[in-house]
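*Asks:*
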């Protein structure tokens, strides 16, 4: 039963004695925005597994940062970048499928994180915080870092959007057009890593995949235009994060769980009304609606 009204929740957000709540809302909304934008590429490329892999890959960095009493955002970012680069490099070879490479690296990274955290004082409490998130663990520095990362990722998407769109459409065509597919893969993996790292502190390591996938999948049901899909995905994620935090605060439930359940309800609602909208036109139509580079024509020699 809801014990706190929505108006009371808004008052609590303005209460200086509960400033951690406002910070939790802030970082949740920022994480939802960046996950919503990057999640569109993840969904369209069928890369849901990479989001799961990165969320596990950042774990050793979080554990090391906790042991050294330094910023978990920085620690998670470093670990995620290292694993993302390794996955991108190994994925260029055709001998082993990309999903197998991802599975190997994320399992190894998560195991390494478990070893590190088990050797650290406060093992049980810190493990729970990493896996399921913590409302009280968000600092002002985390908010600044998250806002900076969010702005950087969106700037990257704007700058490299046409190339990323083409790579999503057809990797072999992108190679034939002379696009740096390997570099674009690295850019995308690093953006996914950034989105995951700033999401872990609130929603937790286990549930972060939902914030990356569910808003984008929901938006995909509602539009066949990639740009509109990104806007909708970010909006859906931000709205679900805010409502989920309210429900978690009002009913005294884990914030990460209520955010994910709110996202799921929104997705199921979109799924129900989707046939009425007639929005779905197929993956290729979605990507073709987005601008992408065209190959340069060779000039005829005289």
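In our numbering, the protein residues as written are 170 to 471.
Backbone N, C-alpha and C define an ideal beta-carbon position, used for all residues, glycine too.
Computed from a predicted structure; not experimentally measured.
Which residue marks the beginning of the alpha helix (DSSP H) containing residue 307, and which one marks its end?
*Replies:* Run containing residue 307: none; DSSP gives neither H nor E here.
*Asks:* State the DSSP-derived secondary structure class of residue 346, mapped to helix, strand or coil.
*Replies:* Note: residue 346 maps to coil in three-state DSSP.
*Asks:* Buried or exposed: which applies to residue 215, given that a residue is buried once 16 or more other Cβ atoms fall within 10 Å of its Cβ?
*Replies:* Exposed, since its Cβ has fewer than 16 Cβ neighbours within 10 Å.
*Asks:* If you run the structure through DSSP and keep just helix, strand and coil, what is residue 180?
*Replies:* Reduced to three states, the DSSP call for residue 180 is helix.
*Asks:* If residue 256 and residue 274 are in contact, beta carbons under 8 Å, what's the gap, nearest whole angstrom?
*Replies:* Yes, residue 256 and residue 274 are in contact; Cβ-Cβ is about 6 Å, under 8 Å.
*Asks:* Taking its Cβ as the centre, do 16 or more other Cβ atoms sit within 10 Å of residue 179, making it buried, or is it exposed?
*Replies:* Exposed is the call here.
*Asks:* Could you tell me how far apart the beta carbons of residue 359 and residue 250 are, in whole angstroms, since I believe they sit closer than 8 Å?
*Replies:* About 6 Å; that satisfies the 8 Å criterion.
*Asks:* Relative to the C-alpha of residue 314, which residue among 368, 238 and 264 is closest?
*Replies:* Nearest C-alpha to residue 314: 368.
*Asks:* If we ignore side chains and look at the alpha-carbon of each, how far apart do residue 448 and residue 439 end up?
*Replies:* Per-residue confidence for residue 448 stands at a pLDDT of 43, beneath the threshold of 50, marking its modelled position as unreliable; the derived number appears in the next sentence. Cα to Cα, the separation comes out at about 11 Å.
*Asks:* Given this structure, state the Cα-to-Cα distance separating residue 236 from residue 377, to the nearest angstrom.
*Replies:* Approximately 22 Å between the Cα atoms of the pair.
*Asks:* Among the candidates 192, 429 and 434, whose CA atom is the shortest distance from the CA of residue 307?
*Replies:* That would be 192, whose Cα lies nearest to the Cα of residue 307.
*Asks:* Evaluate contact between the region 381-394 and the region 205-214, counting only Cβ atoms and requiring at least three cross-stretch pairs below 8 Å.
*Replies:* Because the criterion of three Cβ pairs below 8 Å is met, the region 381-394 and the region 205-214 touch.
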